[in-house]
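Start counting the sequence shown at 40; every next residue gets the next number (the numbering used here). Every residue, glycine too, gets a C-beta built ideally from N, C-alpha and C.
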Amino acid sequence: MLLHRRKFCEYGCGQVGKYLFKNDKWYCSKKKNTCPTIKKKLRESKLGSKNPQFGKSSWNKGLTKETDERVNGNANSTSKGLSGRTKETHDYIRRTAEKLTGRTKETHAGVRRIAEKLTGRTKETYKYLKVAAEKGSKTRTGRTKETHEYLKIIAEKNSKWMKNGGAVYATSFVTKEGRRKQAEKISGVNHPHWNSNREQVFAPYTDEFSMNAPKVRKRDNYNCNLCFKTGRTIHHIDENKKDSRMENLVSLCRRCHMSIHKKDKGIWTIFYQPYLQAIAEERVI
């Protein structure tokens with residue numbers, strides 16, 4: 040029996056040959072393009088200006104299915120070929136799904152390389168992401184499910200999925216620790232409706248307020264002092280419920296009253312001071 044002595048790979052990669060071909064030579068892989076050294080050389084030969092397509096724009100740039108027959112034909116053929124394919128009905132998709140299942144950056148070098156390459160990229164530091172974000176913002180601005188058919192289909196699918204157990208499935212990933220952290224993020228001063236003057240906000244109204252509220256409504260002709268529509272809500276300008284003097288009360292509608300409480304309170308105190316001072320001097324009741 041003739042024994043072949045294993046030699047180094049004839050591709051020139053420096054590895055020990057694993058496969059003996061019919062030409063009586065050893066190689067590290069069955070195909071030339073799968074050799075690590077050959078793959079690296081091919082990749083480097085296509086980088087930057089070495090690439091024959093460097094500086095050239097693709098033939099289909101700016102073309103759509105509606106404006107170009109070739110793009111429309113390619114889209115239709117691709118759609119027909121892929122339509123209805125699932126891992127239950129198509130062997131290739133099933134093999135690919137099985138191959139990719141369980142891959143993480145801890146267990147797979149390829150996933151780890153991609154993760155390291157993409158880590159830290161933002162639209163501020165990476166030009167491609169900035170262009171993509173601006174382009175996406177322009178194309179998606181103003182789109183709603185009422186005006187755009189695709190968003191309508193997605194909304195219906197999501198709604199159907201949530202009703203058929205999707206909501207339970209989604210919440211199953213939320214842990215008690217996650218709920219606690221989320222509660223801490225929006226509690227206290229971090230809450231959007233937090234008011235540091237809590238004692239005054241929830242303080243009870245005084246008897247003086249009950250006496251002066253009807254007079255203030257009559258003084259302001261039952262109109263809002265901001266939008267001049269009908270307004271019967273009485274607002275404390277300095278938001279001190281204990282100070283229910285006529286000079287500190289003003290009539291507002293509900294909408295304006297809510298907007299005032301969401302904005303800087305000091306602005307409204309300055310805004311109303313000359314008006315209320317004039318009312319106090321004239322004693323218009």
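Notebook entry, point to check: Under a Cβ-count criterion, where at least 16 other Cβ atoms within 10 Å of its own Cβ denotes burial, should residue 266 be classed as buried or exposed?
Noted result: exposed
Notebook entry, point to check: How is the beta strand (DSSP E) around residue 290 delimited, first residue to last?
Noted result: 288 to 291
Next item on the list: Could you name the residues of the same chain whose beta carbon sits closer than 8 Å to that of residue 324, not counting the 5 residues immediately before and after it, in chain order?
Entry: Summary for residue 324: the model assigns pLDDT 39, below 50, so the residue's position carries little reliability; its value from the coordinates is reported in the next sentence. Excluding positions up to five away in sequence, the list reads 254, 257, 258, 285.
Checklist line | Cα-Cα separation, residue 230 to residue 293 | finding: 23 Å
Item checked: Burial state of residue 270 (16 or more Cβ within 10 Å) -> buried
Notebook entry, point to check: Sorted by chain position, which residues of the same chain lie with C-beta nearer than 8 Å to residue 282's C-beta, five sequence neighbours on each side aside?
Noted result: 275
Checklist line | For residue 97 and residue 122, the rounded distance between their alpha carbons | finding: 26 Å
Check: In angstroms, rounded to a whole number, what distance separates the CA positions of residue 55 and residue 62?
Finding: 17 Å
Check: Short check: CB of residue 111 to CB of residue 100, under 9 Å?
Finding: no
Notebook entry, point to check: Who are the Cβ neighbours of residue 41 in its own chain at under 8 Å, not counting the five residues just before and after it?
Noted result: Per-residue confidence for residue 41 stands at a pLDDT of 41, beneath the threshold of 50, marking its modelled position as unreliable; the derived number appears in the next sentence. Excluding residues within five positions, none has a Cβ falling inside 8 Å.
Check: Buried or exposed: residue 228, going by 16 or more other Cβ atoms within 10 Å of its Cβ?
Finding: exposed
Margin query: Tell me which residues share the same chain as residue 145 and place their Cβ nearer than 8 Å to its Cβ, disregarding the 5 neighbours each side in the sequence.
Written below: 151
Item checked: Which of helix, strand or coil DSSP assigns to residue 99 -> coil
Next item on the list: Provide the residue span of the beta strand (DSSP E) that contains residue 273, from first to last.
Entry: 272 to 275
Next item on the list: Kindly indicate which three-state DSSP category residue 86 falls into: helix, strand or coil?
Entry: coil
Next item on the list: Report the residue from 279, 260, 289, 113 whose alpha carbon sits nearest the alpha carbon of residue 272.
Entry: 289
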